[in-house]
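Enquirer: At position 149 of the sequence shown (counting the first as 1) the number is 337 in our numbering, and the numbers step up by one without a gap.
A single structure is presented below for examination.
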Amino acid sequence: MDSAISDPAVRTPLVRTADNGLKIVVVGGFGVGKTTLVRSVSDIRPLSTEETMTQASRGIDDLGGISSKTSTTVAFDFGRISLNERTVLYLFGAPGQERFWFLWDRLFAGTLGAVVLVDTRRLADSWYAIDRLEHHGTPFIVARNDFGGPKYTAEEVRDALDLDPRVPLIDCDARSRTSSKHVLITLVEHLRALASARETAS
Ligand SMILES: Nc1nc2c(ncn2[C@@H]2O[C@H](COP(=O)(O)OP(=O)(O)O)[C@@H](O)[C@H]2O)c(=O)[nH]1
Ligand SMILES: [Mg+2]
Numbered sequence: 189m190d191s192a193i194s195d196p197a198v199r200t201p202l203v204r205t206a207d208n209g210l211k212i213v214v215v216g217g218f219g220v221g222k223t224t225l226v227r228s229v230s231d232i233r234p235l236s237t238e239e240t241m242t243q244a245s246r247g248i249d250d251l252g253g254i255s256s257k258t259s260t261t262v263a264f265d266f267g268r269i270s271l272n273e274r275t276v277l278y279l280f281g282a283p284g285q286e287r288f289w290f291l292w293d294r295l296f297a298g299t300l301g302a303v304v305l306v307d308t309r310r311l312a313d314s315w316y317a318i319d320r321l322e323h324h325g326t327p328f329i330v331a332r333n334d335f336g337g338p339k340y341t342a343e344e345v346r347d348a349l350d351l352d353p354r355v356p357l358i359d360c361d362a363r364s365r366t367s368s369k370h371v372l373i374t375l376v377e378h379l380r381a382l383a384s385a386r387e388t389a390s
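Right, here's the structure in full:
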């Protein structure tokens with residue numbers, strides 16, 4: 189059998205009843221697992237502009253603690269997942285490196301919510317992402333991807349990131365589809381909760 193056809197990730201059509209397409213971005217520092225998360229959950233073969241790191245990016249892309257990484261995302265990752273019959277998420281993984289930050293403001297246009305991935309070995313790498321999201325007023329959740337780093341408590345992570353207590357913080361393994369899907373569901377529930385809080389207030 190043709191493996192491309194038997195691969196459900198290549199063939200899953202968009203359900204006809206889907207009428208609720210939400211644009212979601214996945215952000216965070218370099219090497220936190222953005223590409224991995226988009227790949228794990230996507231129903232379509234994800235688009236990614238992953239390039240083998242060239243000698244030229246050595247010293248620019250900070251490999252501290254992640255020396256096994258040999259490719260880097262030069263534009264962004266794109267994937268799609270149907271959460272249920274009506275809700276389809278369009279996922280954009282945004283590069284975390286400083287030299288791509290000019291892409292962010294465009295990428296955030298029309299974005300309903302974001303996932304900030306963090307690696308506890310390099311929490312400070314996510315500060316910029318959180319700062320930009322707050323600046324844009326884009327709701328987000330934080331997902332701690334487990335790289336076997338220090339076992340901080342949730343409170344310690346919240347303190348280090350100076351997180352608003354209302355921002356959900358969860359654990360995930362971006363390599364697992366179930367875990368990555370749980371991250372997205374948590375974000376969608378957070379967006380729903382914010383929307384209904386706004387309705388009650390108005
Ligand atoms: N141990 C561990 N490794 C992970 C996890 N998620 C991603 N990785 C690995 O971390 C590396 C960087 O991930 P990648 O998705 O390319 O990071 P990006 O730069 O944020 O897109 C890859 O080799 C992944 O296989 C995780 O939850 N745990
Ligand atoms: Mg990437």
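Think of the CB as a built atom: it goes at the ideal place given N, C-alpha and C, for glycine as much as any other residue.
Check whether the Cβ of residue 313 sits closer than 7 Å to any heavy atom of ligand 2, and report yes or no.
Expert: The residue given as residue 313 occupies position 125 in the sequence shown. No, since every heavy atom of ligand 2 falls outside the 7 Å radius drawn around the Cβ of residue 313.
Enquirer: Is any non-hydrogen atom of ligand 2 found closer than 7 Å to the C-beta of residue 388, if you look at the structure I gave you?
Expert: Here the question's residue 388 lines up with position 200 in the sequence shown. No, Cβ of residue 388 sits at least 7 Å from all heavy atoms of ligand 2.
Enquirer: Tell me which residue opens and which closes the alpha helix (DSSP H) that residue 303 is part of.
Expert: Numbered from its first residue, the sequence shown carries residue 303 at position 115. Where residue 303 is concerned, there is no enclosing alpha helix (DSSP H), although the beta strand (DSSP E) it sits in stretches over 301-307.
Enquirer: Just tell me which of 229, 347 and 208 has its CA closest to the CA of residue 308.
Expert: The sequence position of residue 308 within the sequence shown is 120, counting from 1. For the residues 229, 347 and 208, the minimum Cα distance to residue 308 belongs to 347.
Enquirer: Can you tell me the Cα-Cα spacing of residue 304 and residue 330, whole angstroms?
Expert: Taking the first residue of the sequence shown as position 1, residue 304 is located at position 116. Taking the first residue of the sequence shown as position 1, residue 330 is located at position 142. Taking the straight line joining both Cα atoms gives about 5 Å.
Enquirer: Is it the case that the Cβ atoms of residue 268 and residue 230 are separated by a distance below 8 Å?
Expert: Here residue 268 corresponds to residue number 80 of the sequence shown, with the count starting at 1. Here residue 230 corresponds to residue number 42 of the sequence shown, with the count starting at 1. Result yes, Cβ atoms of residue 268 and residue 230 sit closer than 8 Å.
Enquirer: May I have the straight-line CA-CA distance separating residue 365 from residue 388, to the nearest angstrom?
Expert: By 1-based counting over the sequence shown, the position of residue 365 is 177. By 1-based counting over the sequence shown, the position of residue 388 is 200. Computed Cα separation, rounded: 34 Å.
Enquirer: What do you reckon, is the C-beta of residue 217 under 7 Å from a heavy atom of ligand 4?
Expert: What this structure holds is ligand 1 and ligand 2, not ligand 4.
Enquirer: Closer than 7 Å to a non-hydrogen atom of ligand 2 - does that hold for the CB of residue 326?
Expert: Taking the first residue of the sequence shown as position 1, residue 326 is located at position 138. Checking the Cβ of residue 326 against ligand 2 gives no.
Enquirer: Compare the Cα-Cα distances from residue 295 to each of 379, 214, 350 and 359 and report the closest residue.
Expert: What you label residue 295 is simply residue 107 of the sequence shown in a count that begins at 1. The shortest C-alpha separation from residue 295 is found at 214.
Enquirer: Nearer than 7 Å: is that true of the beta carbon of residue 211 relative to any heavy atom of ligand 1?
Expert: Taking the sequence shown and counting its residues from 1, one reaches residue 211 at position 23. No, the Cβ of residue 211 stays beyond 7 Å of every heavy atom of ligand 1.
Enquirer: Let me know the secondary structure DSSP gives residue 232 once reduced to three states.
Expert: Indexing the sequence shown from 1 puts residue 232 at position 44. In the structure shown, residue 232 sits in coil (DSSP, three-state: anything other than H, G, I, E or B).
Enquirer: Over what stretch of residues does the beta strand (DSSP E) that includes residue 321 continue unbroken?
Expert: Locating residue 321 in the sequence shown gives position 133, counting from the first residue. Taken as a continuous stretch (DSSP letters only), residue 321 belongs to no beta strand (DSSP E), being part of the alpha helix (DSSP H) at 315-324.
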